[in-house]
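For reference, the structure is listed below as structure tokens.
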Amino acid sequence: MSPTMAAVRAGVRRGGIELRNTFSNVQDLWNYFFPTVALLVTMFFMRGATVPGTSFSLGARTLPSALGMGLAFGGLLGLSQQLIVDREDGTLLRAKATPNGMLGYLVGKIVLLSTVSLIGLVLQLTPALFFLDGIRLTDGGTWFTMAWVVPLGLVATLPLGAVIGSLIENPRNMGLVVLPIFGLIALSGIFYPINGYPGWLQAVAQAFPIYWLGLGMRSALLPDGMAAVELGGSWRHLETFGVLGLWAVLGLTLAPVVLRRMARRESGSRVAARREKAMQRVV
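As structure tokens, then:
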């Protein structure tokens, strides 16, 4: 077996171990389930409102968008936060010290976060079916669309999360990333159609993967007639595939370069300095 394949297999095993650990950690479980409960409560109270110009439930329209938002949020912020924490406590330095350790580390994190994202999607979608009308799951086109939108969305966002985590050294600076992402969520039609926005705001929203993940999930789970309230009056599958694919290529191109540079800078003295600063913040 080649060293690369051995590192990939080790990474998959590492991801499985971390997955078991995270589901036995009360704090992690709270972090996973509280957003799910908050989203479902929000959808429940939105079920009576309707999409402007239609009789379709605004809650049912928002749920697929929120599922796409969750995938993007997990990819962009989940991996970046993991990298920042692991760099501060020396986990990355230990990975760097083993042959192909960074590759195994990255594969493990991708396995962990992809699985958590998929479990979160199921946990959010299943209960909502009982109180939201209009969500379709029996159509073969639903499963086909989700089969390419979900993995492509993860590939488009996880490498970008790795790039963000590589560039931010202090966990306290995550606000510099979180606030712009929340701003993009507000612009991306997750909770309300963006047709009424000025043209330049629509262009900004469509430049980033959050909008297209929301659109892709809506195209999978909503009736075809709901495409009429979207920009262009269609689901724009080709554009969705193209934009998410471009972000995936960009992330896969940048992430290895940025991660290698970050790993080269890691040393015992840098880890010790970070740990000392962290202790000073606690004190």
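Take the sequence shown: its letter number 242 is residue 242 in UniProt numbering, and every next letter is one higher.
Heads up, the beta-carbon is just placed ideally off N, CA and C, and yes, glycines get one too.
Which of helix, strand or coil DSSP assigns to residue i
| i | result |
| --- | --- |
| Thr50 | strand |
| Ala72 | helix |
| Asn25 | coil |
| Leu132 | coil |
| Leu158 | helix |
| Leu63 | helix |
| Thr145 | helix |
| Ala97 | coil |
| Thr36 | helix |
| Thr42 | helix |
| Leu77 | helix |
| Ser269 | helix |
| Leu83 | helix |
| Leu137 | coil |
Host alpha helix (DSSP H) of residue i (start-end)
| i | result |
| --- | --- |
| Ile194 | Ile194 -> no alpha helix (DSSP H), and no H or E assigned at all. |
| Gly90 | Premise fails: Gly90 is in no alpha helix (DSSP H) and is neither H nor E. |
| Leu252 | His237 to Arg265 |
| Arg20 | Pro3 to Thr22 |
| Ser117 | Gly101 to Ala128 |
Spatial neighbours of residue i in its chain, beta-carbon cut-off 6 Å, leaving aside the 5 residues before and after
| i | result |
| --- | --- |
| Pro127 | Leu40 |
| Val111 | Val12 and Gly15 |
| Phe208 | Leu184 |
| Gly216 | Val149 and Thr240 |
| Ser80 | Gly161, Ile164 and Gly165 |
| Phe191 | Thr62 |
| Gly251 | Pro159 and Leu160 |
| Tyr105 | Ala95 |
| Ala263 | Lys96 and Met102 |
Opposing strand residues paired with residue i [DSSP bridges]
| i | result |
| --- | --- |
| Gly57 | Reading off the sequence shown, one finds Ser at residue 57, where the question assumed Gly. Thr50, per the DSSP bridge assignment. |
Close beta carbons around residue i, own chain, < 7 Å, minus the five adjacent residues each side
| i | result |
| --- | --- |
| Gly189 | Ser65, Ala205, Tyr211 and Gly214 |
| Leu76 | Thr157, Leu160, Gly161, Ile164 and Ile181 |
| Tyr32 | Val116 and Gly120 |
| Phe56 | Thr50, Gly134 and Met226 |
Own chain, CB closer than 8 Å to residue i, minus 5 neighbours either side, in chain order
| i | result |
| --- | --- |
| Thr145 | Gly216, Ser219, Ala220 and His237 |
| Val258 | Ala162, Val163, Ser166 and Leu167 |
| Leu19 | Val111, Leu112, Thr115 and Val116 |
| Glu266 | Arg87, Leu92, Leu93 and Lys96 |
| Met69 | Ile185, Ser188, Ile190, Ile210, Leu213 and Gly214 |
| Ile194 | Leu187, Ser188, Leu201, Gln202, Ala205, Tyr211 and Leu231 |
4-residue-minimum alpha helix (DSSP H) runs that sit fully inside the region 161-232, ordered along the chain: 175-187, 199-206 and 209-221
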